[in-house]
Amino acid sequence: RRWPTILTAEQFTRVTGEPAFPPYLHGSLIDGKLHYYTNNSLLYTARGIHIALDVMWEYVSPIGDRDSMLAVYRGGRSEVAVRAGKVQRYIPEVDVTPLRPQDRPAVKAALERRLAALRPRWPGLSLRETANRLEIVIPASLRPNYIDHFLLLAEQLAA
2 RRWPTILTAE QFTRVTGEPA FPPYLHGSLI DGKLHYYTNN SLLYTARGIH IALDVMWEYV
62 SPIGDRDSML AVYRGGRSEV AVRAGKVQRY IPEVDVTPLR PQDRPAVKAA LERRLAALRP
122 RWPGLSLRET ANRLEIVIPA SLRPNYIDHF LLLAEQLAA
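In short: position in the sequence shown from 1, add 1, done, that's my numbering.
This is the structure we're talking about:
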């Protein structure tokens, strides 16, 4: 399923700096507004793995909010989540939640091994335990371009 974010000419100019809609977008104009199909909801299977994906873009974040994200990767024993919202002060955080209490020791051990393997490249990574989750602590020194680092980290954790 997909649906548009609808932009007026004024909003388009604010986002792009262009004075008007370029000719190649004229086919996407309805009543003088750009219907930009950037919102998607997908359910699919890739190599036997079920995937649900929701991507939404609004012209303006709700008042008091900034760009946020949530990515959840679910495996057989745990769920890895990357969150960047109001609670996280819009700084991406990574946590791992074992699906069953009896899996926690094995998930923790696997995560500690993985973090040890990642430390030569990303020094300072550590693990903090909470009641329900295992939080990956990423030091400030690894956060100058936090989006690239966290997407790469999530990719490495999923490996």
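Here a beta-carbon is modelled for each residue, glycine too, at the ideal position from N, C-alpha and C.
- Within the same chain, S42 come within 7 Å of D55 by CB-CB distance, once the 5 residues on both sides are set aside.
- Bridge pairing for T6: Y37 [DSSP].
- If you check the CB distance, S142 and V108 do not come in under 7 Å.
- With contacts defined as CB atoms closer than 7 Å, E94 and R84 qualify as a contacting pair.
- Scanning the region 46-124 from its first residue to its last, the whole alpha helix (DSSP H) runs of 4-plus residues come out as 105-119.
- Taking all protein chains shown into account, V81 has 16 or more neighbouring C-beta atoms within 10 Å of its C-beta and is therefore buried.
- M57 and T6 have their alpha carbons spaced roughly 9 Å apart.
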